[in-house]
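Residue numbers (UniProt numbering), protein chains in the order written: chain A, 1 to 114; chain B, 1 to 99. This report refers to the structure that appears directly beneath it.
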Amino acid sequence: MFFSYFKELVGKEVTVELKNDLAIRGTLHSVDQYLNIKLENTRVVDQDKYPHMQSINELLMLIKQSKTLDFPHLQLSVRNCFIRGSVVRYVLLPQDGVDIDILHDATRREARGG
Amino acid sequence: MASGGPALESLVDQVISVITNDGRNIVGTLRGFDQATNIILDESHERVYSTKEGVQQLVLGLYIIRGDNISVVGEVDEDLDARLDLSKLRAHPLKPVIH
Chain A
1 MFFSYFKELV GKEVTVELKN DLAIRGTLHS VDQYLNIKLE NTRVVDQDKY PHMQSINELL
61 MLIKQSKTLD FPHLQLSVRN CFIRGSVVRY VLLPQDGVDI DILHDATRRE ARGG
Chain B
1 MASGGPALES LVDQVISVIT NDGRNIVGTL RGFDQATNII LDESHERVYS TKEGVQQLVL
61 GLYIIRGDNI SVVGEVDEDL DARLDLSKLR AHPLKPVIH
């Protein structure tokens with residue numbers, strides 16, 4: 001079910017937080033049945049500054065700042081990346097990509113086994 | 001999954017940057033992969049990050065990395081990568097993945 005859900009989010013901007021505390025933001029390119037994720041136009045978001053994520057402006061500022069700072073491991077020369085499903089901790093979704101009612105129904109249906 | 005999945009097909013024979021679960025960064029040419037994300041890396045080297053000195057590169061050669069240990073596979077833009085001055089790049093080593 002989450003596989004099909006993520007498929008609908010393709011093309012949207014998401015932030016993927018990994019289990020090594022790295023957070024990568026990018027456009028969702030594709031997902032597969034293991035929930036491996038491919039992102040395009042990626043940039044690394046500085047984890048420590050996450051509490052400020054509420055406002056979009058702040059977030060954009062943070063992205064600009066973090067570009068040259070803490071995690072050069074993936075920066076500049078990596079624009080597209082493949083993230084193994086097993087290392088994903090969270091996926092932060094765009095607000096408009098979530099229809100809570102549909103998700104509610106789908107999870108209930110799944111829980112009932114049909 | 002026959003199609004649509006984010007397999008690594010499009011990256012074969014390209015230079016990629018792999019971040020492993022223990023936080024290491026290995027750069028090399030992708031020669032092959034399978035459904036478990038096991039990968040074959042040719043002409044690979046490890047980039048060791050530290051805050052004290054620039055990035056050190058250790059030559060590894062031909063490597064097979066078991067999929068279990070892979071966190072991220074990044075497509076490297078070789079032009080941009082060549083322009084990076086690794087000797088000036090300083091960073092904390094990445095944390096390992098904790099499941």
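The beta carbon of each residue, even a glycine, is placed where N, CA and C say it ideally should be.
Close beta carbons around leucine 18(A), own chain, < 8 angstroms, minus the five adjacent residues each side: Ile24, Ile83, Val87, Val88, Arg89
For threonine 29(B): DSSP bridge partner residues: Val15(B), Asp42(B)
Alanine 106(A) to isoleucine 100(A) span [Cα, whole Å]: 10 angstroms
Pair within 9 angstroms by beta-carbon distance, isoleucine 19(B) and threonine 29(B): no
Minimum Cβ-Cβ distance from serine 86(A) to chain B less than 9 angstroms: yes
Residue-chain proximity (leucine 11(B), chain A), Cβ-Cβ < 9 angstroms: yes
Whole-number beta carbon distance between glycine 85(A) and leucine 22(A), since they are thought to touch under 8 angstroms: In fact, because the Cβ distance is near 15 angstroms, the residues do not count as touching under 8 angstroms.
Cβ contact check for the stretch 44-63 of chain B and the stretch 75-94 of chain B: 3 or more pairs under 8 angstroms: yes
6 angstroms CB neighbourhood of phenylalanine 3(A) in its chain, flanking five on each side removed: Gln33
Chain B within 9 angstroms of lysine 19(A), Cβ atoms only: yes
Contacting residues, own chain, Cβ-Cβ under 7 angstroms from valine 78(A) (five flanking each side not counted): Thr42
Exposure of glycine 61(B), with buried meaning 16 or more beta-carbon neighbours within 10 Å: exposed
CB contact check: glutamine 95(A) to chain B, cutoff 9 angstroms: no
As assigned by DSSP and simplified to three states, the class of residue 130(B): The question about residue 130(B) has no answer here: the residues shown for chain B are numbered 1 through 99.
Anticipated Cβ contact below 8 angstroms, isoleucine 37(A) with proline 6(B), distance rounded: 7 angstroms
Helix, strand or coil at tyrosine 5(A) according to DSSP, with G and I counted as helix: helix
Reduced DSSP secondary structure (H/G/I, E/B, other) of glutamate 53(B): coil
At least three beta-carbon pairs within less than 8 angstroms, the stretch 66-85 of chain B to the stretch 29-49 of chain B: yes
Residue 100(B) at chain A interface by Cβ criterion, 9 angstroms: This structure cannot speak to residue 100(B), because chain B is shown only from 1 to 99.
Classification of isoleucine 98(B) by the beta-carbon crowding that lies within 10 angstroms, buried from 16 upward: exposed
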